[in-house]
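A.B. asks:
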Amino acid sequence: MTEAMTDQPAAESTTLIELDLWSDLVCPYSWVAKRRIEAAIAAFERPHDVTVRLRAFELDPDVPVGGGVPVSEHLSTRYGGGDAGTGRLMNAKASEEAQADDLVFDWDRAVRANTFDAHRLCALAGEMGGPALRSAAFERFHAAHFGEGMALDDHEVLQRLSAECGLDERRVAAVLASDEYGEQVRADEREARSMGVTSTPFVLANGYAALSGAKPVDDYLALLRGVATQSV
1 MTEAMTDQPA AESTTLIELD LWSDLVCPYS WVAKRRIEAA IAAFERPHDV
51 TVRLRAFELD PDVPVGGGVP VSEHLSTRYG GGDAGTGRLM NAKASEEAQA
101 DDLVFDWDRA VRANTFDAHR LCALAGEMGG PALRSAAFER FHAAHFGEGM
151 ALDDHEVLQR LSAECGLDER RVAAVLASDE YGEQVRADER EARSMGVTST
201 PFVLANGYAA LSGAKPVDDY LALLRGVATQ SV
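One point on numbering: in full-length UniProt numbering, the residue at position 47 of the sequence shown is 47, and numbering is uninterrupted.
1. Using the beta-carbon count (16 or more within 10 Å), is P201 buried or exposed?
2. Exposed or buried, what is Y181 when buried is set at 16 or more other beta-carbons lying within 10 Å of its beta-carbon?
3. Using DSSP's beta-bridge definition, name the partner residues of I17.
4. Name the two residues that bound the continuous alpha helix (DSSP H) containing F146.
5. Give a yes or no on whether the C-beta atoms belonging to Q159 and A143 are separated by under 8 Å.
6. For E58, does the count of other Cβ atoms within 10 angstroms reach 16, so buried, or fall short, so exposed?
7. Is V26 near the ligand NAD, judged by its Cβ being under 7 Å from some heavy atom?
8. Would you mind stating whether V203 and L211 have Cβ atoms separated by less than 8 Å?
9. Smallest Cα separation from R35: which of M90, V185, V104, I17?
10. Give me the residue from G82, N91, E127 with the minimum Cα distance to R53.
11. Give the single residue among G129, L152, H145 whose Cα lies nearest to the Cα of D117.
12. Would S30 be called buried (16 or more neighbouring beta carbons within 10 Å of its own) or exposed?
13. In its own chain, which residues sit with a C-beta less than 6 Å from the C-beta of G80, not counting the 5 before and 5 after it?
14. Just reading off the alpha helix (DSSP H) that S194 is part of, what are its end residues?
15. Does the beta-carbon of residue 261 have 16 or more other beta-carbons within 10 angstroms, so that it is buried, or is it exposed?
16. Among L16, D108, R55, A205, which has the Cα closest to the Cα of E189?
17. With distances taken Cα to Cα, identify the nearest neighbour of D24 among N91, A33, S76, V69.
18. Considering only the alpha carbon of each residue, which of A209, L89, I17 lies closest to R46?
19. Excluding the 5 residues preceding and the 5 following A43 in the sequence, name in chain order all residues of the same chain whose CB lies nearer than 8 Å to its CB.
20. Under 6 Å Cβ to Cβ from Q230, same chain only, skipping five residues before and after it: list those, please.
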């Protein structure tokens, strides 16, 4: 999704809608929300007046790096007290929610991951190629995690996925070997938490109109239209 400006003559009033989407790269509902927001923008009367900023949020910043723990097992431990059925039920619910969004979830392969470094690379993508490249990184990381069983905290995996998105390999390696963009990730998270956000996805339009959770396309479209009316 690219940043777009209005093509109306300068003499006319224009509406600019800024959407901030906080998401985690291992959150299935974040992926669903992004796709539905894109669909809502496509259906909106003035899509070129909408800008989307993808913001970082870690659902579990303390999750250990590595280990190859299956997502279902991790969810069962965190939310179900070790009951193996908890993770399976949560995964099934996410798959059902995403059926209409053409998203692939292979829960037999998906593994738990710490997403801090992947978020840092999304920030790098935004600097290198703007919203379009950051969106591409977001999509590739989600697909790798949910559909291909790749660990998003493995630097070799991140290096390969970033190259597939078009990021400079040497630049990616330098970021992974440093703490670059870490403060940007933390700043996104601090801002979200200052608003009471504890889960993803979370959408904020023009700094005041919010939706949490993965909503239907019509809800995002109504948000856009409502904010447009207020902005005139």
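Backbone N, C-alpha and C define an ideal beta-carbon position, used for all residues, glycine too.
C.D. replies: By the coordinates alone:
1. Counting Cβ neighbours within 10 Å, P201 comes out buried, since at least 16 surround it.
2. When all chains shown are included, Y181 counts as buried.
3. Beta-bridge partners assigned by DSSP to I17: V50.
4. That run of the alpha helix (DSSP H) goes 116 to 148.
5. Between Q159 and A143, the CB-CB gap reaches or exceeds 8 Å.
6. Burial of E58 is indicated by the presence of at least 16 other C-beta atoms within 10 angstroms of its C-beta.
7. Only the bare structure without any ligand can be found here, which leaves the ligand NAD out of the picture.
8. Closer than 8 Å, so yes.
9. Nearest of M90, V185, V104, I17 to R35, Cα basis: V104.
10. Minimum Cα distance to R53 is reached at E127.
11. Ranking G129, L152, H145 by Cα distance to D117 puts L152 first.
12. With a threshold of 16 other beta carbon atoms within 10 Å, S30 meets it and is buried.
13. Cβ within range, chain order: T86.
14. 182 to 194 is the span of the alpha helix (DSSP H), which, as asked, contains S194.
15. Examination of residue 261 is not possible in this model, given that the chain is present from 1 through 232 alone.
16. Each of L16, D108, R55, A205 was checked against the Cα of E189, and the nearest Cα belongs to R55.
17. The shortest C-alpha separation from D24 is found at A33.
18. Minimum Cα distance to R46 is reached at I17.
19. The residues are V217, L221.
20. Excluding sequence neighbours, Q230 sits near nothing in its chain.
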